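Read the structure below first, then the notes.
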Amino acid sequence: MATSSSAPLRVLTGITPSGTPHLGNYVGSIRHSVRQSVAPGVESFFFLADYHALIKVQEPALIQRSTLEIAASWLACGLDPERVTFYRQSDIVEIPELTWFLTCVTGKGVLNRAHAYKAQLDKNIAKGEDPDADVTAGLFMYPVLMGADILMFNAHKVPVGRDQVQHIEMARDMAQRFNHQYGEHFTLPEAEIDDAVATLPGLDGRKMSKSYGNTIAMFAPRAQLQKQIASIVTDSRAPGEPKDPEGSALFQIYQAFATAEETEALRKAYAEGIGWGDAKQMLFERIDLEVAPLRARYEALMNDPAEIERILLIGAEKARKLARPFMAELRHAVGLRNLAAGSGKGGARKAKVAKPSFKQYRERDGLFYFKLLDAHGTALLQSRGFASPQEAGRAIAALQQQRGAALAELADQLEPAGPEELRAANEALEALAEATAPTNGS
């Protein structure tokens, strides 16, 4: 079943092993996510998305090496495998099975609108080629695999960049379709975008990205780090000439590592005409101050891949303790069942007819809410927040017993609804009462 309202907030983060981690990954994801993973009331899941890597990387040695480097990077930056669930996607054998279940409820039209697929089509059309040239089924089905990653553990929040929000919306759509067809099993995930997290410019001023080849390696040896920073593109203003921090890649990178006071000191130095060589040296020293201790831990882990493998396998078993029983539940829901079960005198069971239902849940504000859903899973009625689940339960009981009269009585505890919405809600309450009423002779 979907995660209960009393459960901790589940946050899930996936990392695709398709290259060497760089400072953009550190500032934009790793540092922030590691800090968030120790927040109270949060249950964190981190996984290495090696199945996803197969979509765009066909070099086995690169995938293996990148998986090792990324695992070592997260651990070196403080990710605690005792506190979080840290695993390799390919070790969770239930994920491909769930991918197929979701494939069977996902419309092709939904996948046609996926950004990555459309981008490849547009690229091919612009070149005058077959629209589907170089489009693998893996690229086309990528959103379903991502949906399985998220829904397998009923994640509440998925930290993503704005370009990935569509995939979370697709996962919600898959969950809703499955829940409507087979009953409530999945929590509807939400994208979490933190605009305070920095996007780092690269050596050429564009966003730091492997695809642009403008990255600064996260754990490069000290001399190499200094050399890379020295190659950051700057303008032609000479020492003594005032420099503008706005639009300066060097200044933006420094700001992502420095304190507010340190940032203001560099801003003042820009105004006073600091030379680019001196500014780059300041940047190198500030980055190395933060990264050097992490680099030592990273190098120790890279020299002991068996330890990383051990950590990932322990994490996989931890994850599968949740995945195995959940998949058993889902297999039963879709009809993949023991043929001998339930085949006694009663004969075949009648198919369960969908009916209106209440969904009670807890939000991050600590309050308890409920919705009245029609037989198709559409929300007809939305409550306001209650201080306890008992209060919310009493309001639900009143609606079930008194129906229309309770709608008027509880008006101040419900979100405003128009006449048509109230009529539909009353009809749903009547249908629910009829469906749950005892039959003669029962």
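Taking the numbering used here, I'd label the letters of the sequence shown as residues 930 to 1371. Using N, Cα and C, we set each Cβ at its ideal position, and we do this for glycine too. All of these numbers come straight from a predicted model, not from anything done at the bench.
For I944, the three-state secondary structure derived from DSSP is strand. Contact check for H981 against M1147 fails: the beta carbons are separated by 7 Å or more. Between A1364 and K1284 the beta-carbon gap is near 4 Å, inside 8 Å, which marks them as a contact. Excluding its 5 nearest sequence neighbours in each direction, S1160 has C-beta neighbours in its own chain below 6 Å: L1132, listed in chain order. Nearest to E1359 by C-alpha distance, out of P1348, E1338, A1337, L1328, is L1328. Selection G1347, A1229, L1074, F1015 evaluated against L1241 yields F1015 as nearest (Cα-Cα). Counting only runs that start and end inside the segment 1062-1094, the alpha helix (DSSP H) elements of at least 4 residues fall at 1066-1080.
Each of L1339, L997, E1214, S1317 was checked against the Cα of L1310, and the nearest Cα belongs to L1339. The residue from T1065, K1086, R994, K1139 with its alpha-carbon nearest to that of E1292 is K1086. DSSP lists E972 as the beta-bridge partner residues of R939.
For S1286, the uninterrupted beta strand (DSSP E) segment begins and ends at 1286-1291. Cβ-Cβ distances below 6 Å link Q1181 to P1130 in the same chain, with the five nearest sequence neighbours on each side left out; the list follows chain order. Residue pairing from DSSP places E1121 in a beta bridge opposite P1088. Residue burial is scored here from C-beta neighbours: Y1298 has at least 16 other C-beta atoms within 10 angstroms and is therefore classed as buried. Shown here for A1262: same chain residues with a beta carbon closer than 7 Å to its own, the five before and five after excluded, namely Y1111, G1112, H1114 in chain order.
Listed as beta-bridge partners of S1312 by DSSP are L1343. Ranking A1334, A1346, A1304 by CA distance to the CA of S1312 puts A1346 first.
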